[in-house]
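Under this note's numbering, the residues of the sequence shown are numbered 272 to 434, in order.
Even glycine gets a Cβ: it sits at the ideal position worked out from N, Cα and C.
Please read all numbers here as calculations on a predicted model, not as lab measurements.
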Amino acid sequence: MTCQRGEDHNEALPSLSTDDTSADPHIVTAPARTGTDIELRIHTSIAPFEVAAEEWFPAAAGFAVTVIVHPIDAATGQPRHLPPAEPAQWARAIFSTVDTAHGYFLGAVDPDTGGHRRGQLVYRLYVDIDRRPIPVPRQVVTCPHYLLSAIGGRAEITIPTTA
């Protein structure tokens, strides 16, 4: 799958449906389409998880796919504000190799601690060991998870992708 970043440049997005997806972070850099002189640094990482059953919650194992989008000033490298519609579309494009209905928006947080982290927006998708999307296991939640499919802005920008 590639993401078209302009008329003459394509950069591959990670495919989450294959077993050869590296645990190393995947980084894509792209100019923002909705802001002047804003660059997006998009980090995708995959981490395994295995949690024991708790009262009312079954055991679960699989992978947490995390997409962190850093909107920065292209000239200075300093964080810049960008409405969340475009970062959300990048997360949807990355998650689309598996499913977009189960992706979550976590906000401007550290995805592991839930603490506020200025200058980034975080998205997460959980898949089982067979790479099928699953609802967020309650045992791994460190901060609120909002369904990405429920967040508005889809019509504002679209990241074109090809298989």
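Of the residues the options, the one placed nearest residue i, counting alpha carbons only
i	options	result
ALA379	ALA323, ASP308, HIS341 and LEU284	HIS341
GLU321	TYR375, ALA301 and ILE400	ILE400
ALA372	THR347, VAL411, HIS387 and ARG395	ARG395
ALA345	ALA421, THR300 and PRO382	THR300
HIS387	TYR375, ARG409, CYS414 and GLY348	CYS414
ILE298	GLU326, GLU325 and ALA362	ALA362
ASP383	GLN360, VAL338 and SER367	VAL338
LEU284	HIS416, ALA359 and SER367	SER367
PRO406	VAL393, LEU392, SER420 and GLY374	GLY374
GLY450	ALA421, SER420, HIS416 and GLN391	Within the shown structure, residues of the chain are numbered from 272 to 434, placing residue 450 beyond reach of any answer.
For residue j and residue i, believed in contact at Cβ under 8 Å, the rounded distance
i	j	result
LEU377	VAL336	Between VAL336 and LEU377 the Cβ distance is about 12 Å, and since that is not below 8 Å, they are no contact.
ARG402	VAL369	6 Å
ARG389	PRO350	6 Å
Residue i and residue j closer than 9 Å at C-beta
i	j	result
ILE365	ILE343	no
ILE317	PHE334	yes
ARG398	PRO404	The question names Arg, yet the displayed sequence has Val at residue 398. Going by C-beta atoms, VAL398 is nearer than 9 Å to PRO404.
LEU311	PRO358	yes
THR315	PRO296	yes
request  = Determine contact between the region 349 to 357 and the region 330 to 339, defined as no fewer than three beta-carbon pairs at a distance below 8 Å.
outcome  = With the rule of 3 Cβ pairs closer than 8 Å, the region 349 to 357 does not count as touching the region 330 to 339.
task = Return the chain-ordered ranges of every beta strand (DSSP E) run that is complete within the region 320 to 349 and spans a minimum of 3 residues.
result = Whole beta strand (DSSP E) segments, 3+ residues: 331 to 344.
inquiry  = To test your reading of the DSSP string, which unbroken alpha helix (DSSP H) runs of 4 or more residues are found completely within the region 351 to 414?
reply    = Listed in chain order, they are 356 to 366.
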